[in-house]
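Remarks on the structure that follows.
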Amino acid sequence: MPVLSRLFSLSLAVFALNAHAAETELKRAENAVRVLNEIMQAPDKAIPRDLLQSAHAIIVVPDVLKAGFVIGGRRGEGLMAVKTRDGTWSNPSFVNLTGGSVGFQAGVSSTDVVLVFRTERGVDSIVHGKFTLGADASAAAGPVGRTAQASTDAQLKAEILSYSRARGLFAGVALDGSVLSIDNDSNQRIYGDGVTARRVFEGGVNTVPAEVVDFRDRLEEYTAQ
Numbered sequence: 004m005p006v007l008s009r010l011f012s013l014s015l016a017v018f019a020l021n022a023h024a025a026e027t028e029l030k031r032a033e034n035a036v037r038v039l040n041e042i043m044q045a046p047d048k049a050i051p052r053d054l055l056q057s058a059h060a061i062i063v064v065p066d067v068l069k070a071g072f073v074i075g076g077r078r079g080e081g082l083m084a085v086k087t088r089d090g091t092w093s094n095p096s097f098v099n100l101t102g103g104s105v106g107f108q109a110g111v112s113s114t115d116v117v118l119v120f121r122t123e124r125g126v127d128s129i130v131h132g133k134f135t136l137g138a139d140a141s142a143a144a145g146p147v148g149r150t151a152q153a154s155t156d157a158q159l160k161a162e163i164l165s166y167s168r169a170r171g172l173f174a175g176v177a178l179d180g181s182v183l184s185i186d187n188d189s190n191q192r193i194y195g196d197g198v199t200a201r202r203v204f205e206g207g208v209n210t211v212p213a214e215v216v217d218f219r220d221r222l223e224e225y226t227a228q
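Numbered according to our numbering, the sequence shown spans residues 4 to 228.
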């Protein structure tokens with residue numbers, strides 16, 4: 004009987020741990036929606052809608068933490084949705100953003116990051132493994148405003164356009180060297196055991212929490228013709 008009691012207690016502990024972890028993912032989804040809304044509703048400082056409409060994928064990473072003294076590091080957790088064959092947005096996969104830098108720096112900062120993928124190549128690379136901005140695909144700081152007509156030549160040729168927002172300021176940012184990877188653990192906590200990012204992107208999940216669906220719906224709203 005004591006053995007059964009211990010097993011039952013262990014099962015309850017595991018359930019509670021998984022429930023708490025899932026709450027963390029849902030909070031991440033809510034923060035990604037908040038960042039997307041605040042950026043796209045900023046007067047004359049939003050990501051140009053024509054760029055979003057032609058994008059193959061969008062990644063939103065709230066509160067990327069950068070810290071360091073001489074040798075710095077960067078870490079963030081966000082959501083990624085891809086454009087499906089019928090032109091709608093997929094359910095999002097959870098992703099991680101990591102990176103490092105060397106130089107004279109000190110202190111800690113928190114920044115919201117948005118990445119706009121303009122080709123399918125970068126999307127496939129992320130699904131198949133880790134992906135490094137600037138190495139696996141060209142990346143450039145993206146233009147802001149109502150249209151993309153003011154883009155520079157470098158921005159027009161870049162496969163990925165990157166943006167950041169810190170202390171209320173929103174602008175394009177260079178993130179070369181940052182690594183993007185699929186957060187498989189978070190995906191499985193939200194979508195179920197064994198669920199891959201490709202399955203999520205292809206519509207192979209049945210139960211999707213409202214907080215996660217909201218991210219996809221906001222993208223539909225901001226890219227509507």
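We put the beta carbon where it would ideally sit given N, CA and C, even for glycine.
Given the structure is predicted, the values throughout are model-derived calculations rather than measurements.
(message) Checking 9 Å against the spacing of the C-beta atoms, do Ala49 and Gly148 come in under that value?
(response) yes
(message) In the DSSP assignment, the beta strand (DSSP E) including Ile185 goes from what residue to what residue?
(response) Val182 to Ile185
(message) Could you give the first and the last residue of the continuous alpha helix (DSSP H) run that contains Ile129?
(response) Glu123 to His131
(request) Would you kindly check if the distance between the Cβ of Ser189 and the Cβ of Gly102 is under 9 Å? (result) no
(request) Identify whether Leu222 lies in helix, strand or coil by the three-state DSSP scheme. (result) helix
(message) Does Arg88 come out as helix, strand or coil in the three-state DSSP assignment?
(response) coil
(request) For Gly106, name the three-state secondary structure that DSSP assigns. (result) The pLDDT assigned to Gly106 is 46, lower than 50, so where the model puts this residue is not dependable, and the model offers no usable value.
(message) Given a cut-off of 9 Å on the beta-carbon distance, is the pair Lys86 and Ala45 in contact?
(response) no
(message) Is the separation between the beta-carbon of Ala60 and that of Phe218 shorter than 9 Å?
(response) no
(message) Once the 5 residues before and after Trp92 are set aside, which same chain residues still bring their CB inside 7 Å of it?
(response) Ala84, Lys86, Arg219, Leu222 and Glu223
(message) Along the chain, where does the beta strand (DSSP E) containing Leu164 start, and where does it finish?
(response) Ile163 to Ala169
(request) Could you check what DSSP says for Val38 in three-state terms: helix, strand or coil? (result) helix
(request) Can you check DSSP and say which residues form a bridge with Ile61? (result) Ala84 and Val119
(message) On the CB-based measure, 16 or more other CB atoms within 10 Å of its CB, does Val117 come out buried or exposed?
(response) buried
(message) Please identify the residue among Glu33, Asp196, Glu123 and Leu29 whose C-alpha is closest to the C-alpha of Ile163.
(response) Glu123
(request) Within the segment 196-220, note down every full alpha helix (DSSP H) run reaching 4 residues or more, in order along the chain. (result) 200-204
(message) Contact defined as beta carbons within less than 8 Å: I believe Ser128 pairs with Phe120. What is the distance between those atoms, to the nearest angstrom?
(response) 10 Å between Cβ atoms; not a contact.
(message) Short of 7 Å in beta carbon distance, which residues of its chain neighbour Arg201, apart from the five on each side in sequence? Order them along the chain.
(response) Val130
(request) Could you pull out every residue in the same chain whose Cβ sits closer than 6 Å to the Cβ of Asn99, ignoring the five residues on either side in sequence? (result) Glu80, Ser184 and Asp186
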